[in-house]
Amino acid sequence: MALKNYFYVGMQFLLFIAWLFEIETLKFNRLEFFQPVFLVLSGIGFLIVLISILQLNTNLSPFPKPKENATLITSGLFKYIRHPIYSGILIFLFFLSLYFGSGYKIGIVFLLLILFWFKSEFEEEQLCLKYPNYRHYRQNTGRFFPKFIH
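48 is the number that this note's numbering gives to position 46 of the sequence shown; each next residue is one higher, with no gaps.
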């Protein structure tokens with residue numbers, strides 16, 4: 003179990019580092035008209051991350067396994083999205099990738115999406131064990147984006 007915790011965090015770190023690089027042959031023409039929109043949407047993603055971190059407060063951990071003394075947060079952004087930090091990161095990096103006109107960076111964001119899917123699956127297994135009401139919360143709340151149909 004501890005190995006999975008380190009694996010997911012390690013892969014996430016490596017993908018964040020990989021995103022910082024560029025492959026020039028995968029760059030595309032930036033749509034200048036949309037540049038301000040991409041920056042605003044990226045900023046919204048960043049705000050989602052910050053707000054989520056503040057709402058988690060002392061429950062925050064980089065690892066999928068919840069802290070021993072953690073409580074289940076189902077208010078604020080967590081009322082609508084089970085993993086708003088992952089959502090915010092994906093939104094932030096995706097629109098920043100569009101801003102930079104980088105197919106490579108978009109590819110890294112896609113890999114992060116896959117990683118976050120599996121990491122959240124593992125995390126939710128742990129949350130179901132720790133919090134009996136998590137299953138109900140999961141049924142009524144979207145994973146990365148709000149669930150509009152229950």
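Even glycine gets a Cβ: it sits at the ideal position worked out from N, Cα and C.
Pairing residue 86 with residue 128 gives a Cβ-Cβ distance that is not under 7 Å.
Shortest Cα-Cα distance from residue 118 to any of 26, 80 and 64 involves 64. In this structure, DSSP gives residue 29 an extended state, which the three-state scheme calls strand. Here residue 121 is near residue 66, since their CB atoms are less than 7 Å apart. 7 Å or more divides the Cβ of residue 106 from the Cβ of residue 148. Residue burial annotation: residue 5 is exposed, with fewer than 16 other C-beta atoms found within 10 angstroms of its C-beta.
Annotated as proximal: residue 62 and residue 55, with beta-carbon spacing under 7 Å.
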